[in-house]
Each structure stands twice: as structure tokens, then as C-alpha cells.
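This report concerns only the one structure given below.
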Amino acid sequence: MNLLWKFNLVWGCCVLLVIAGCQTVPKSEEFFQPVSLEERSIQTRIYPTDDEVKILSACVDILLDNGFQIKEVESRLGWIDASKIKHIQYGGLFGARASVVTRHIRGRSGAIAVRVIFHHKGKVKDPAIYQEFFLKLSQAIFLEAQQI
Amino acid sequence: MKKHFRIGIIFGALAFTLLLTACVSTQKRLLDSDSSQLQIRSIQTRYFDTVDREQMLRTVMTTLQDFGFVLEAGEVELGTVTGVKWINQRLMRITVSVRPRGETQLVVRANCQIGNELVNDPVSYQRFFTALSKSLFLEEHQVE
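Line by line, the protein sequences give chains A and B. Numbered by the working numbering, the letters in the first sequence go through residues 21 to 168 in order. Numbered by the working numbering, the letters in the second sequence go through residues 9 to 152 in order.
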């Protein structure tokens with residue numbers, strides 16, 4: 021019985037080693053695989069303004085309104101990093117991250133491109149989420165312009 | 009009893025010596041690398057004929073986003089941008105630094121790590137720099 025137990029233990033270890041060896045190692049081709057044009061267009065909108073700080077401020081407000089915490093802002097680079105951690109039912113946690121990058125479009129004065137990427141258990145690909153964000157951003161910029 | 013005590017002391021001293029030796033060898037390996045420094049540096053570095061550091065950093069950020077990286081840190085004064093992404097449950101981290109070189113050029117250095125390993129495959133870096141050059145070219149030539 022003891023011998024059988026030892027035999028099973030050895031085999032068990034072998035199987036575990038094989039499984040560990042099967043873990044896929046990422047190939048170098050995967051390191052710099054560009055995202056699709058469609059994905060990029062879902063994440064990007066162009067706003068008719070020259071005021072990048074105004075756009076960034078509006079983005080910060082929207083993220084804060086939606087429960088995100090601002091981790092970093094670098095206005096000279098036009099970048100916001102925000103995250104959201106929420107306690108949900110049965111002691112679970114909900115985590116999300118948002119990364120916003122703005123840039124002036126060269127050759128088109130008064131145009132700023134805003135690109136936002138949401139992450140929640142991987143990259144968020146649902147266009148509706150991005151549409152909602154950009155709708156809120158448009159409203160915020162409009163309200164600010166009208167000083168409402 | 010005394011004999012056992014002596015043996016215990018000898019083993020203890022041996023274990024302590026081994027521990028010290030291990031510490032020394034680890035410290036010596038602190039600045040170790042698998043490849044030669046010059047080789048790594050040449051793989052990771054490219055020169056660009058522009059002096060607009062801020063614009064270069066912004067283009068680096070756009071390029072990293074295009075490759076699915078999440079931007080984690082960015083600093084204009086130091087001229088560095090860091091991005092991360094998950095590939096097959098392993099974390100890939102890239103740090104790009106932009107520094108002036110003379111009065112007409114910028115040096116861009118990208119450093120990639122996957123897990124705790126340094127990526128030293130030249131093709132990967134080539135892919136990144138080709139995309140960066142394209143982005144710069146598109147912006148320079150006002151193409152959207």
C-alpha cells in the first residue's frame with residue numbers, strides 16, 4: 021500500500037511538471053501586435069477646440085463623476101490614468117481602469133483627438149461604453165462653453 | 009552530549025558561512041546581464057532628427073496605445089513613458105526614454121521586460137521603432 025502511494029506521488033509530480041511545462045510562453049511576434057483600426061476608431065473622437073487643458077479637466081470630471089479615482093495626470097503630455105475599485109455583493113471587488121490621451125492634430129488648428137481605453141477583466145471592447153463616455157464629454161465641453 | 013553540541017556548532021557555523029557566501033554572490037550579480045551592455049543598448053536605441061522632446065513623448069504614448077499598452081507612468085522632465093500589457097497571463101512592461109543628442113537629434117531608448125526577463129530579441133524592438141517612425145512621419149506630413 022505504501023509503495024503504491026509512493027508510486028502515485030511520483031506520477032502525480034510528473035503530471036504537474038508536464039502541466040507546468042505546457043504553460044504557453046508568449047512569442048515575440050505577440051509583443052507588438054497593433055490593435056485593429058476599428059478598435060482605434062471606437063476609442064477615439066476629435067473635438068473642435070484648441071484648449072487641451074479644458075478637455076483634460078472635463079475628462080477628469082467625468083471619470084470622478086463615475087466613481088474613478090485619478091491616479092496620475094500629466095497635462096504636458098495630455099494623459100490621465102484613473103482606476104476604480106468598488107466593493108460589490110458577497111465581499112467581491114469590481115476593478116476598472118481608464119487611460120485617456122489627448123493630442124493636437126497637426127495641420128488642423130482647433131482640433132484635439134481624445135483617445136480613451138477602458139480595462140475591466142481585459143480591454144473593454146463594447147462600443148456603447150465608449151459612446152457613453154464621449155457623449156458625456158461632448159456635453160461637459162458644451163456646458164462649460166455655455167458656462168452652465 | 010558535549011559531542012552533539014560541538015557537531016551542532018560546527019554545522020551552525022557552516023550554514024552561516026554558506027549564507028554569507030550566498031549573499032556575496034547575489035550582490036555581485038546585481039548588475040549582471042545575460043547579454044553585453046553595448047549589444048543591448050544598440051538593440052534598444054534609435055536616433056531621430058527632431059528636437060521636439062514633448063512631441064516625441066506624445067507620439068511614443070500614441071504608439072504604445074496602438075500596441076495595446078496601458079500607460080502607467082509619464083514624466084516630461086525625465087522624458088520617460090512606461091506602459092504595461094498582459095500577454096498569455098504574463099505582464100509585459102515597456103519603458104521608453106527620450107533624451108536630446110546634440111542640437112539636432114533625440115535618442116529614444118525602449119526597454120521591454122516580460123515577467124522578470126529582459127526582452128533582447130532585436131525584431132521586437134525593430135517593430136516598435138518602425139511603428140514609432142511611421143507615427144512621426146504621419147504627424148510630420150499631416151496625415152490622419
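Here a beta-carbon is modelled for each residue, glycine too, at the ideal position from N, C-alpha and C.
1. Measure the alpha-carbon distance for P68 of chain A versus E59 of chain A and round it to whole angstroms.
2. Sorted by chain position, which residues of the same chain lie with C-beta nearer than 6 Å to H12 of chain A's C-beta, five sequence neighbours on each side aside?
3. State the CB to CB distance for the pair E80 of chain B and G87 of chain B, rounded to an integer number of angstroms; the pair is presumed to be in contact (CB under 8 Å).
4. Opposite I108 of chain A in the DSSP bridges: which residues?
5. Helix, strand or coil: how does DSSP classify N28 of chain A here?
6. Where DSSP assigns a beta bridge to H124 of chain A, which residues make up the other side?
7. Within the 8 Å Cβ cut-off, does S141 of chain B reach chain A?
8. From L140 of chain B to I149 of chain A, what does the alpha carbon distance come to, in whole angstroms?
9. For K106 of chain A, which of A:I82, A:G87 and A:I137 has the nearest alpha-carbon?
10. At least one CB of chain B closer than 8 Å to the CB of G98 of chain A: is that the case?
11. 8 Å is my cut-off, CB to CB: does Q65 of chain B come that close to chain A?
12. May I ask you to list the residues that DSSP assigns as paired with A81 of chain B?
13. For V78 of chain B, which residues in chain A fall below 9 Å Cβ to Cβ?
14. What is the C-beta distance between A118 of chain B and F145 of chain B, in whole angstroms, given that I count them as a contact (C-beta under 8 Å)?
15. Below 8 Å, can you find three or more Cβ-Cβ pairs linking the segment 91-104 of chain B to the segment 130-140 of chain A?
16. DSSP three-state label for V127 of chain B, please.
17. Kindly list, in the order they appear in chain A, the residues whose Cβ is closer than 7 Å to that of A118 of chain B.
18. Identify the continuous alpha helix (DSSP H) that holds V73 of chain A and give its terminal residues.
19. Which two residues bound the contiguous alpha helix (DSSP H) that contains F51 of chain A?
20. Just verifying my parser: in three-state terms, what is the DSSP assignment at S158 of chain A?
21. Using a C-beta cutoff of 8 Å, does E92 of chain A count as contacting chain B?
On the basis of the data shown:
1. 22 Å
2. Any property of residue 12 of chain A remains undetermined from this structure, which presents chain A solely from 21 to 168.
3. About 16 Å separates the two Cβ atoms, so there is no contact after all.
4. A:G112
5. helix
6. A:I132
7. no
8. 29 Å
9. A:G87
10. yes
11. According to the sequence shown, residue 65 of chain B is Leu rather than Gln. Output row for L65 of chain B: interface = yes.
12. B:T90
13. D101, R117, S119, I137, H139 and K143
14. Contact flag wrong, Cβ pair sits at about 18 Å.
15. no
16. coil
17. Per Cβ cutoff of 7 Å: no residues; A118 of chain B is ~10 Å from chain A at best.
18. E72 to D85
19. S48 to F51
20. helix
21. yes
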